[in-house]
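What follows is a short report on a single structure.
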Amino acid sequence: MEKWDVYDRHRQVTGNQMIRGNEFEDGAYHLVVHVCLFNEKGEMLIQQRQSDRDNWPELWDISVGGSALAGETSQEAAGREVEEELGLTLDLRSERPSLTINFENGFDDYYLLNTEADIDDLPLPTEEVQQAVWATEETIIEWINRGVFIPYRESIIRLLFDMRNGFGTHEQ
1 MEKWDVYDRH RQVTGNQMIR GNEFEDGAYH LVVHVCLFNE KGEMLIQQRQ SDRDNWPELW
61 DISVGGSALA GETSQEAAGR EVEEELGLTL DLRSERPSLT INFENGFDDY YLLNTEADID
121 DLPLPTEEVQ QAVWATEETI IEWINRGVFI PYRESIIRLL FDMRNGFGTH EQ
């Protein structure tokens, strides 16, 4: 049973918690994190989700994503998700999200990181991820259009790639 902290519309923790899968009460929000890992060629590490996942089984996704658990900061959640999904240990405690996207039921923090991680060294498959590859911006958009990648808006993918080597990107 996964518990999340409940936030108000100003991103303040209310002191309440909710269980994943329950309906959101009016004015209740939760925190989601994504980590986008880029290599020196400007490609993003993308992952294929396991077939038994509740949401988007078998589809490709950006490097890492998930909900913050109750009591976690955004940075702690991002680090935990990277370790759970890819087996990498990254210290994100001093990082700020590169951008935050507000959505209907929450806040989605995106961390954009340059890395020298070698896919061959990742302990894949994991419980959540079948495999990972490096992909270009155009490949990701093509796969979204083919229906094999989670249907992010093309503008979001372009923004993530645009921001990767400057404003908002961190080294790891």
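Letter by letter, the sequence shown follows residues 1 to 172 of UniProt numbering. Every residue, glycine too, gets a C-beta built ideally from N, C-alpha and C. Computed from a predicted model, the values in this text were never measured in an experiment.
Around the C-beta of residue i, are 16 or more other C-beta atoms found within 10 angstroms, so that it is buried, or is it exposed?
i                 : result
phenylalanine 161 : buried
isoleucine 19     : exposed
phenylalanine 107 : buried
glutamine 75      : buried
glycine 15        : exposed
proline 97        : buried
arginine 11       : exposed
Are the C-beta of residue i and some C-beta of chain D separated by less than 8 Å?
i             : result
glutamate 116 : The chain inventory of the structure shown lacks chain D, comprising one protein chain alone.
Rounded to whole angstroms, what is the Cα-Cα separation between residue i and residue j?
i              : j              : result
valine 129     : arginine 49    : 5 Å
lysine 41      : aspartate 26   : 44 Å
glutamate 116  : glycine 79     : 17 Å
leucine 122    : glycine 87     : 6 Å
aspartate 54   : asparagine 22  : 14 Å
leucine 92     : isoleucine 119 : 20 Å
glutamate 58   : valine 148     : 8 Å
valine 6       : leucine 99     : 20 Å
methionine 163 : glutamine 17   : 33 Å
glutamate 142  : alanine 135    : 11 Å
tryptophan 56  : isoleucine 46  : 14 Å
isoleucine 101 : leucine 31     : 10 Å
From the options, pick the residue whose C-alpha is nearest to that of residue i; which is it?
i              : options                      : result
threonine 52   : Pro125, Arg153 and Thr136    : In the sequence as presented, threonine is not what sits at residue 52; that position holds aspartate. For aspartate 52, the nearest C-alpha among the options comes from Pro125.
glutamate 2    : Arg93, Trp143 and Ala68      : Ala68
tryptophan 60  : Met44, Glu72, Thr73 and Asp8 : Met44
glutamate 85   : Tyr7, Val33 and Arg146       : Val33
isoleucine 144 : Val13, Ile62 and Trp4        : Ile62
isoleucine 156 : Phe103, Glu127 and Gln131    : Phe103
Hey, residue i and residue j are a contact pair by Cβ (cut 8 Å); roughly how many whole angstroms apart?
i                : j              : result
phenylalanine 38 : asparagine 105 : Phenylalanine 38 to asparagine 105, Cβ: 28 Å. No contact.
glutamate 95     : tyrosine 110   : Rounded, the Cβ-Cβ distance is 11 Å, inconsistent with contact.
arginine 158     : glutamate 137  : 7 Å
glutamate 81     : valine 35      : 7 Å
glycine 65       : alanine 77     : Actually they do not touch by this definition, with Cβ atoms about 10 Å apart.
Relative to the ligand NAD, is the shortest distance from any of its heavy atoms to the C-beta of residue i smaller than 7 Å?
i            : result
glutamine 50 : Inclusion of the ligand NAD in the displayed structure is not the case, the ligand content being empty and no account of it being possible.
Where in the UniProt domain "Nudix hydrolase" (28 to 157) do unbroken runs of the beta strand (DSSP E), each at least 3 residues long, occur, reported from the N-terminal end onward?
30 to 38, 44 to 49, 64 to 67, 99 to 103, 106 to 114 and 129 to 135, all fully within the UniProt domain "Nudix hydrolase" (28 to 157).
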